[in-house]
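Numbering (this note's numbering) for the sequence shown: 1210 to 1300. Glycine residues also receive a C-beta, built at the ideal position from the N, C-alpha and C atoms. Structure, as structure tokens:
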Amino acid sequence: MANNPGAKKAIRKIARRTEVNTARRSRVRTFLRKFEEAIAKGDVAVAKAAFVEAQSELMRAVSKGVVHPNTGSRKVSRLAARLKKLDKAAA
């Protein structure tokens, strides 16, 4: 158990950051889910719009330190590849 004021404050800070980071991670997952649903439907226009939003949200999470930069880049790259594949199939 935290015994000095500094350690108690650290616990409070960690609790606040955990809450914020959890919300950010959840938000990223929501946008990824929307992209997945658009891909599943096969709607290219909706998928492109969802991709832009998902990419933006992922990169925001990276800038806030919620997601590692390499993880964010890898996810965006894979989303882009799937979008490109859908686009070719639709054309």
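Three-state class that DSSP yields for residue i in the structure shown
{"i": "N1230", "result": "helix"}
{"i": "R1299", "result": "According to the sequence as given, residue 1299 is Ala; it is not Arg. Helix, per DSSP."}
{"i": "A1219", "result": "helix"}
{"i": "A1224", "result": "helix"}
Candidates the options, of which the one nearest residue i by Cα
{"i": "L1295", "options": "R1283, T1280, G1281, A1247", "result": "A1247"}
{"i": "Q1264", "options": "L1292, D1252, V1229", "result": "L1292"}
{"i": "A1259", "options": "F1244, G1281, P1214", "result": "F1244"}
{"i": "V1237", "options": "A1216, L1267, A1300", "result": "L1267"}
Presumed contact (8 Å Cβ cut-off) between residue i and residue j, rounded CB distance
{"i": "I1223", "j": "A1211", "result": "About 10 Å separates the two Cβ atoms, so there is no contact after all."}
{"i": "A1270", "j": "R1225", "result": "So it is not a contact: roughly 17 Å between Cβ atoms."}
{"i": "N1230", "j": "V1275", "result": "5 Å"}
Interface flag, residue i vs chain C, CB-CB below 8 Å
{"i": "A1270", "result": "Looking for chain C here will not work: only one protein chain is present."}
With a floor of 4 residues, list each alpha helix (DSSP H) that falls wholly inside the region 1239 to 1292, ordered by position along the chain. Listed in chain order, the complete alpha helix (DSSP H) runs (minimum 4 residues) inside the region 1239 to 1292 are 1253 to 1273.
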